[in-house]
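Below you'll find the structure, written out as structure tokens, and then a few comments.
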Amino acid sequence: MVNWHRLANPTSFLKWSRRVLPWASVTTVILLAAGLYLSLFVAPPDYQQGETVRIMFVHVPSAWMALFTYAVMAGASATGLIWKSPLSHLTAKAAAPIGASFTLLALVTGALWGQPMWGTWWVWDARLTSVLILFFLYLGYIALWEAIDDYTRAAKSTAILALVGVVNIPIIKFSVDWWNTLHQPASVLRMDGPSIHPSLLVPLLVMGGAFTGYFIVVLLIRLEREILARQAQVLRRAQLRS
Amino acid sequence: MTRRRRRLYFIASSMVMLGIAAALILNAFQENLVFFHSPSEIAEKGISGERRFRLGGLVEENSVVKGDDSVTISFRVTDTAASVPVRYRGLLPDLFREGQGVVADGSLDEDGTFIATEILAKHDEAYMPPEVAAALKKAGQWQGE
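Each protein sequence line maps, in turn, to chains A and B.
Count the first sequence with the working numbering and you get residues 1 to 242, in order.
Count the second sequence with the working numbering and you get residues 243 to 387, in order.
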């Protein structure tokens, strides 16, 4: 069993993270290879979209991870503000660029699919617009960390920004149900079961697993780097003072 | 009450208030957040004249008529309760067909025909291989249009 409390301590976290990282990386590579093979060679074309349906195998996991990463970032920010646990703010900081990348990937693959299927790259409907806002929230969050020099103040301000942005998450998820949009409603995470055939659903779920693994690997690497940078900064301060 | 407790309650109550504020704002802007209007809504609200808006619904079965110049097309958009005639000149997206969802941008002319300047196809949330779609249709289990 993992002792979660001990992981809040930077030194024991680093030890744990270095042990987990190789396993997480290998799992991710295997899942990604399997996922890409299934999506590109095994999955059948769709009855209406034809081969264009394959864009979904990248688009949908990116969109899931864009939301999931934000949830991780906001959760870490909240724990940082409430319990002042040392790694929380650094976790949120390390997650933000990963989330921004997933969001951009979802927007770009969505546009590439929209052009042949809908007949347009972009429309200002509720789903597309709220995801674009998510992308700007990520960028704003990253910029705010850079703009404030003092660590404690930066951690607090960015955490508040991350928490305010949480309102956007249910709006993105339910935009397709609350308002009529050009974007189709959910096919997988819906009340009455997936409306997507198993031959297309399985590759999608494997890709979802691969994206999640990729997120964990990159988060661990980035967090390690953030911890070391922070420790170096604290040491330099102490040296200057003595 | 410990300081941690106080911080927890403060953040939790702020989040609740933020949520309520967002819900109220979105509710107030309901009308501006919808991407298109259905034929029934147009009949109800009596939209007419020059106002540009988007019309959305299904392309009615057996309603598509190609004009003599082969770039003008007319069809009816229906939400099964009401329908609106549409005329359009230009290229159509791949997914445009009878029984399929469509969103048209344009305005109504004097005799109630919607003159579209842009046609977008709307895709639904069903994904399946062609053989499965064919088998469903054959078995009379087809849920789609």
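Backbone N, C-alpha and C define an ideal beta-carbon position, used for all residues, glycine too.
For Ser88 of chain A, three-class secondary structure by DSSP: As a working mapping, residue 88 of chain A is identified with position 88 in the first sequence. Reduced to three states, the DSSP call for Ser88 of chain A is helix.
Span of the beta strand (DSSP E), counted from its first residue to its last, around Ile30 of chain A: Indexing the first sequence from 1 puts residue 30 of chain A at position 30. Note, Ile30 of chain A: premise wrong, no beta strand (DSSP E); alpha helix (DSSP H) at Pro10 to Tyr37.
The region 294 to 314 of chain B / the region 333 to 342 of chain B touching (three or more Cβ pairs under 8 Å): yes
Cβ of Glu387 of chain B within 8 Å of any chain A Cβ: If you number the second sequence from 1, residue 387 of chain B lands on position 145. Any reading at Glu387 of chain B must be qualified, since the residue scores a pLDDT of 45, below 50, and its modelled position is unreliable; the value itself is stated next. Taking Cβ atoms only, chain A never reaches closer than 8 Å to Glu387 of chain B, which makes this a no.
Residue-chain proximity (Val258 of chain B, chain A), Cβ-Cβ < 8 Å: The sequence position of residue 258 of chain B within the second sequence is 16, counting from 1. No, because no Cβ of chain A sits closer than 8 Å to the Cβ of Val258 of chain B.
Sequence ranges, alpha helix (DSSP H) only - wholly within the region 106 to 182 of chain A, length at least 4: 126 to 147, 151 to 164 and 168 to 178
CB contact below 8 Å: Gly119 of chain A versus chain B: Start at 1 with the first residue of the first sequence, and residue 119 of chain A comes out as number 119. Yes, Gly119 of chain A lies at the interface with chain B (some Cβ there is under 8 Å from its Cβ).
Any chain A beta carbon closer than 8 Å to Glu367 of chain B: What you label residue 367 of chain B is simply residue 125 of the second sequence in a count that begins at 1. Yes - at least one Cβ of chain A is within 8 Å of the one on Glu367 of chain B.
Nearest-angstrom Cα separation, counted from Gly288 of chain B out to Met65 of chain A: Within the first sequence, the letter at position 65 stands for residue 65 of chain A. Within the second sequence, the letter at position 46 stands for residue 288 of chain B. Each residue's Cα considered, the two are about 43 Å apart.
Exposure label - Thr28 of chain A; buried when at least 16 CB within 10 Å: What you label residue 28 of chain A is simply residue 28 of the first sequence in a count that begins at 1. When all chains shown are included, Thr28 of chain A counts as buried.
N-terminal and C-terminal residue of the beta strand (DSSP E) that Glu360 of chain B is part of: By one-based count along the second sequence, residue 360 of chain B stands at place 118. Phe356 to Lys364 is the span of the beta strand (DSSP E), which, as asked, contains Glu360 of chain B.
C-alpha gap between Gln272 of chain B and Pro185 of chain A, whole angstroms: For the purposes of this step, residue 272 of chain B is taken as residue 30 along the second sequence, with counting starting at 1. For the purposes of this step, residue 185 of chain A is taken as residue 185 along the first sequence, with counting starting at 1. Cα to Cα, the separation comes out at about 18 Å.
Cross-strand partners of Ile315 of chain B (DSSP beta bridge): The count along the second sequence starts at 1 and reaches residue 315 of chain B at position 73. DSSP lists B:Lys308 and B:Tyr330 as partners of Ile315 of chain B.
Through-space distance from Ser280 of chain B to Asp177 of chain A, alpha-carbon basis: One-based indexing of the first sequence puts residue 177 of chain A at position 177. One-based indexing of the second sequence puts residue 280 of chain B at position 38. Their Cα atoms are separated by approximately 15 Å.
Cα-Cα separation between Ile267 of chain B and Gly208 of chain A, rounded to whole angstroms: Here residue 267 of chain B refers to the residue found at position 25 of the second sequence. Here residue 208 of chain A refers to the residue found at position 208 of the first sequence. Cα to Cα, Ile267 of chain B sits roughly 34 Å from Gly208 of chain A.
Proximal residues of chain B, C-beta to C-beta of Leu87 of chain A below 9 Å: Locating residue 87 of chain A in the first sequence gives position 87, where the first residue counts as 1. Within 9 Å Cβ-Cβ: nothing; Leu87 of chain A doesn't reach chain B, min ~17 Å.
Any C-beta of chain B under 8 Å from that of Trp83 of chain A: As a working mapping, residue 83 of chain A is identified with position 83 in the first sequence. It does; some Cβ of chain B falls within 8 Å.
Where the beta strand (DSSP E) containing Gly343 of chain B begins and where it ends: Position 101 of the second sequence, counted from the first residue, corresponds to residue 343 of chain B. Element bounds for Gly343 of chain B: Gly343 to Leu350.
Best match in A:Lys93, A:Arg237 and A:Val60 for proximity to Gly140 of chain A [C-alpha to C-alpha]: By 1-based counting over the first sequence, the position of residue 140 of chain A is 140. Checked all of A:Lys93, A:Arg237 and A:Val60; the closest Cα to Gly140 of chain A is A:Lys93.
Closest Cα partner of Glu367 of chain B within the set A:Leu201, A:Ala147, A:Leu112 and A:Leu14: Against the second sequence, residue 367 of chain B aligns to sequence position 125. The residue with the shortest Cα to Cα distance from Glu367 of chain B is A:Leu201.
DSSP state of Met1 of chain A mapped onto helix, strand, coil: Indexing the first sequence from 1 puts residue 1 of chain A at position 1. Only weak support is given to the placement of Met1 of chain A: the predicted model assigns it a pLDDT of 45, under 50, and the value that follows is read from those uncertain coordinates. Correct three-state label for Met1 of chain A: coil.
Listed by chain order, chain A residues near Ala363 of chain B by CB distance under 7 Å: The count along the second sequence starts at 1 and reaches residue 363 of chain B at position 121. By Cβ distance, chain A contributes Met117, Trp118 and Gly119.
Cβ of Arg249 of chain B within 8 Å of any chain A Cβ: Within the second sequence, residue 249 of chain B is the residue found at index 7, counting from 1. Yes - at least one Cβ of chain A is within 8 Å of the one on Arg249 of chain B.
CA-to-CA distance, Ala232 of chain A to His183 of chain A, given in whole angstroms: Indexing the first sequence from 1 puts residue 183 of chain A at position 183. Indexing the first sequence from 1 puts residue 232 of chain A at position 232. Cα to Cα, the separation comes out at about 47 Å.
Short-range partners of chain B found in the region 59 to 83 of chain A, where Cβ spacing is below 7 Å: Ala78, Leu81, Ile82 and Trp83
Rounded distance between the beta-carbons of His197 of chain A and Val374 of chain B, thought under 8 Å: For the purposes of this step, residue 374 of chain B is taken as the residue at position 132 of the second sequence. For the purposes of this step, residue 197 of chain A is taken as the residue at position 197 of the first sequence. That belief holds up - the Cβ atoms of Val374 of chain B and His197 of chain A are roughly 6 Å apart, short of 8 Å.
DSSP bridge partner residues for Arg339 of chain B (one or two, in chain order): Numbered from its first residue, the second sequence carries residue 339 of chain B at position 97. According to DSSP, Arg339 of chain B bridges with nothing at all.
Span of the beta strand (DSSP E) around Arg296 of chain B: Position 54 of the second sequence, counting from 1, holds the residue named residue 296 of chain B. Note, Arg296 of chain B: beta strand (DSSP E), Phe295 to Val301.
Cutoff 8 Å: Asp351 of chain B Cβ touching any chain A Cβ: Counting from one through the second sequence, the residue named residue 351 of chain B turns up at place 109. Closer than 8 Å: no.
Under 8 Å between C-beta atoms of Phe135 of chain A and Leu104 of chain A: By one-based count along the first sequence, residue 135 of chain A stands at place 135. By one-based count along the first sequence, residue 104 of chain A stands at place 104. A contact, by the Cβ cut-off of 8 Å.
Local conformation of Tyr47 of chain A per DSSP, three classes: As a working mapping, residue 47 of chain A is identified with position 47 in the first sequence. Tyr47 of chain A falls in the coil class under three-state DSSP.
Phe102 of chain A classed as buried or exposed, judged by whether at least 16 other C-beta atoms fall within 10 angstroms: Numbered from 1 along the first sequence, position 102 holds the residue referred to as residue 102 of chain A. So Phe102 of chain A counts as buried.
Given 8 Å, three or more beta-carbon pairs between the region 119 to 128 of chain A and the region 249 to 263 of chain B: no
Residues from the region 185 to 215 of chain A in contact with chain B, defined by Cβ distance under 7 Å: Pro185, Ala186, Ser187, Ser195, Ile196, His197, Ser199 and Leu200
Chain B within 8 Å of Thr109 of chain A, Cβ atoms only: Here residue 109 of chain A refers to the residue found at position 109 when the first sequence is read from its first residue. So no, Thr109 of chain A is outside the interface.
DSSP three-state assignment for Ser187 of chain A, whether helix, strand or coil: For the purposes of this step, residue 187 of chain A is identified with residue 187 of the first sequence, where counting begins at 1. It is coil, neither helix nor strand.
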